[in-house]
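Visitor: Chains as they are written, first to last, in full-length UniProt numbering: chain A, 1 to 255; chain B, 1 to 255.
Cβ coordinates follow ideal geometry from the N, Cα and C atoms, glycine included.
Here it is, the structure, as structure tokens.
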């Protein structure tokens with residue numbers, strides 16, 4: 001019997017042409033596709049011959065337990081099939097990939113990982129700026145505001161590093177996290193919120209740590225969104241992002 | 001006269017199939033390609049009709065001043081041409097993209113940004129593990145050890161955040177930076193070095209904060225490489241990375 005395998009494919013932020021060529025190849029050769037939610041459903045057009053199983057864990061009316069997803073992947077791989085497990089963004093960042101990889105390895109299933117574009121990179125591209133800028137910072141921290149035990153990251157320790165902050169899953173507590181960061185950073189620190197970064201629905205506002213929560217709410221921005229904070233973000237505002245947005249959107253449509 | 005434009009394309013870590021579909025489309029329609037060093041030179045096969053100009057700033061015997069690169073892009077765009085500026089990894093992380101974007105905007109040249117896979121993501125894929133793991137951390141910091149003023153990042157402040165650390169451009173000072181981190185973190189903290197992540201030449205070692213510098217040197221690993229430090233990195237060692245490497249390499253060759 002032929003040996004099957006699992007390819008863990010990172011689908012990127014939404015637009016299908018932000019998939020890597022390797023991801024597209026994996027999908028084209030897939031027998032079974034397991035699709036997370038928050039992944040652009042049109043991705044199945046790249047795997048026309050595959051059986052598609054939706055296993056989203058949030059949104060919608062059903063949720064698939066993690067253990068069941070892991071058993072499904074093992075079962076199909078053991079039948080000699082090529083299973084492609086699709087997660088949004090880059091699966092190696094906040095994707096709980098570690099748990100699925102561990103389960104597959106324990107089961108002796110061969111697994112390959114294909115990287116993707118994580119939302120914060122797409123958010124920066126939409127804003128027309130770099131996540132780092134040597135005039136402002138030495139790096140960037142990607143942090144989730146959504147912790148398993150409902151605690152908070154140590155915002156003051158993060159602020160003390162001087163890194164750009166790219167905050168995932170923070171919209172439900174944007175007021176309190178900006179207020180906490182404001183105890184360590186100036187309220188004039190540039191900030192931005194980008195919802196649905198890297199997709200056709202992308203929306204964004206720029207402001208400061210002191211007003212970004214209010215601006216995002218006034219603009220109706222909610223989850224899923226990236227909150228960006230740091231001096232480097234000010235480079236976006238300096239060059240009239242509305243123009244950049246129009247230009248980028250036009251280019252995207254014509255691509 | 002037709003209006004030209006510049007597309008800033010992130011080439012990812014090396015393997016051409018880690019380019020995004022959008023990057024490949026941009027290259028296919030390029031009239032002029034400006035190629036950074038550290039980019040896989042075979043990328044020019046995706047732009048067969050384009051004039052290719054190599055503008056690497058390190059390695060090799062020549063270097064192209066930044067101002068000259070910026071003038072070249074503007075000149076060709078003003079002739080109505082599609083200029084594709086190619087940088088390694090994701091241009092929005094340590095790519096000095098901000099300076100080129102600012103110059104193009106000042107000149108009124110239309111510019112689009114295409115994201116790519118940054119090396120640390122490829123390094124994690126090679127190690128078969130996630131950059132974050134909710135058992136270990138709340139995020140990851142991408143930091144450069146190479147600062148303009150030859151100072152050091154505040155390693156203790158970074159260690160205090162509990163984030164996974166993905167250190168770029170740190171190989172020339174790996175001994176001192178590991179020693180400094182070791183004053184704030186346990187020397188038993190898992191660590192790894194991945195050279196040429198995401199390329200056919202990828203090489204990696206895993207160890208601890210206390211021994212990774214010695215292990216990397218013994219294995220002959222040098223720049224360009226990513227140094228990874230944090231509890232999440234221990235997930236790699238737990239599952240026999242040598243097997244994962246063999247598997248991943250075989251899959252890459254067969255892709």
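Identify, in the order they occur along the chain, each residue of the same chain with its Cβ nearer than 8 angstroms to the Cβ of residue 51(A), setting aside the five sequence neighbours on each side.
Guide: The residue labelled residue 51(A) in the question sits at position 51 within the first chain. Once the five neighbours on either side are set aside, the close Cβ partners of residue 51(A) are 31, 32, 33.
Visitor: Could you confirm whether any beta carbon from chain B is found closer than 8 angstroms to the beta carbon of residue 59(A)?
Guide: What you label residue 59(A) is simply residue 59 of the first chain in a count that begins at 1. Because the pLDDT of residue 59(A) is 44, which lies under 50, any placement of that residue in the model is unreliable, and the number read from its coordinates should be weighed accordingly. Output row for residue 59(A): interface = no.
Visitor: Sort 212(A), 166(A), 222(A) by Cα distance to residue 201(A) and report the nearest one.
Guide: The residue given as residue 201(A) occupies position 201 in the first chain. That would be 222(A), whose Cα lies nearest to the Cα of residue 201(A).
Visitor: Would you please state the rounded distance, in angstroms, between the beta carbons of residue 18(A) and residue 46(A)? I believe it to be under 8 angstroms.
Guide: Against the first chain, residue 18(A) aligns to sequence position 18. Against the first chain, residue 46(A) aligns to sequence position 46. Their Cβ separation, rounded to whole angstroms, is 13 angstroms, which puts residue 18(A) and residue 46(A) out of contact at 8 angstroms.
Visitor: Can you pull the chain A neighbours of residue 204(B), defined as C-beta to C-beta under 9 angstroms?
Guide: Position 204 of the second chain, counting from 1, holds the residue named residue 204(B). Chain A residues near residue 204(B): none, gap ~14 angstroms exceeds 9 angstroms.
Visitor: Quick one: does residue 256(A) have its CB under 8 angstroms from some CB of chain B?
Guide: Lying before the first or after the last residue shown, residue 256(A) is absent from chain A, which here runs from 1 to 255.
Visitor: Quick one: list the residues of chain B neighbouring residue 113(A), beta-carbon separation under 7 angstroms, in chain order.
Guide: Indexing the first chain from 1 puts residue 113(A) at position 113. Those within 7 angstroms of residue 113(A) in chain B are 125, 128.
Visitor: Suppose you measure from the CA of residue 173(B) to the CA of residue 71(A); what does that come to, to the nearest Å?
Guide: Counted from its first residue, the second chain places residue 173(B) at position 173. Counted from its first residue, the first chain places residue 71(A) at position 71. When rounded, the distance between both Cα atoms is 45 angstroms.
Visitor: Which one of 144(A), 180(A), 210(A), 131(A) has the shortest CA to CA distance from residue 235(A)?
Guide: As a working mapping, residue 235(A) is identified with position 235 in the first chain. With distances taken between Cα atoms, residue 235(A) lies closest to 131(A).
Visitor: Counting only beta-carbon atoms, is residue 133(A) nearer than 8 angstroms to chain B?
Guide: As a first step, residue 133(A) must be located in the first chain, where it is residue number 133. Closer than 8 angstroms: yes.
Visitor: Measure from the alpha carbon of residue 20(A) to the alpha carbon of each residue in 183(A), 114(A), 103(A), then state which is nearest.
Guide: To locate residue 20(A), count along the first chain from 1; it is residue 20. Ranking 183(A), 114(A), 103(A) by Cα distance to residue 20(A) puts 114(A) first.
Visitor: Can you give me the Cβ contacts of residue 112(B) inside the same chain, cut-off strictly under 6 angstroms, excluding the 5 residues immediately before and after it?
Guide: Taking the second chain and counting its residues from 1, the one referred to as residue 112(B) is at position 112. So the list reads 7, once near-sequence residues are dropped.
Visitor: Would you report the Cα separation of residue 135(A) and residue 98(B), rounded to the nearest angstrom?
Guide: Residue numbering aside, residue 135(A) sits at position 135 when the first chain is read from its first letter. Residue numbering aside, residue 98(B) sits at position 98 when the second chain is read from its first letter. C-alpha separation (whole angstroms): 10 angstroms.
Visitor: Cα separation between residue 116(A) and residue 226(B)?
Guide: Residue 116(A) sits at position 116 when you count from the first residue of the first chain. Residue 226(B) sits at position 226 when you count from the first residue of the second chain. Distance between the alpha carbons of residue 116(A) and residue 226(B) is about 18 angstroms.
Visitor: Any beta carbon from chain A within less than 8 angstroms of residue 86(B)'s own beta carbon?
Guide: Here residue 86(B) refers to the residue found at position 86 when the second chain is read from its first residue. Answer no: the Cβ-Cβ gap between residue 86(B) and chain A never drops below 8 angstroms.
Visitor: Pick helix, strand or coil for residue 94(A), following the three-state DSSP scheme.
Guide: Numbered from 1 along the first chain, position 94 holds the residue referred to as residue 94(A). Coil.
Visitor: Mapping DSSP to helix, strand and coil, what is residue 190(A)?
Guide: Counting from 1 along the first chain, the entry for residue 190(A) is found at position 190. Here residue 190(A) sits in strand by DSSP.
Visitor: If you follow the alpha helix (DSSP H) that residue 185(B) is part of, which residue opens it and which one closes it?
Guide: Within the second chain, numbered from 1, the residue matching residue 185(B) stands at position 185. Taken as a continuous stretch (DSSP letters only), residue 185(B) belongs to no alpha helix (DSSP H), as it is neither H nor E.
Visitor: Could you tell me the alpha carbon to alpha carbon distance between residue 210(B) and residue 127(B), rounded to whole angstroms?
Guide: Position 210 of the second chain holds residue 210(B). Position 127 of the second chain holds residue 127(B). Computed Cα separation, rounded: 19 angstroms.
Visitor: Strictly by DSSP, which residues pair up with residue 268(B)?
Guide: Chain B is shown only over 1 to 255; residue 268(B) falls outside these bounds and no answer can be derived.
Visitor: If you drop the 5 nearest sequence neighbours on each side, which residues of the same chain put their C-beta closer than 6 angstroms to that of residue 39(B)?
Guide: The residue labelled residue 39(B) in the question sits at position 39 within the second chain. Taken in chain order, the residues that qualify are 11, 86, 88.
Visitor: Can you tell me whether DSSP reads residue 317(B) as helix, strand or coil?
Guide: Given that chain B is displayed from residue 1 to residue 255, the structure contains no residue 317(B) and the question cannot be resolved.
Visitor: Is it right to say residue 94(B) is buried, meaning 16 or more other beta carbons lie within 10 angstroms of its own, or is it exposed?
Guide: Locating residue 94(B) in the second chain gives position 94, where the first residue counts as 1. By the 10 Å Cβ count, residue 94(B) comes out buried.
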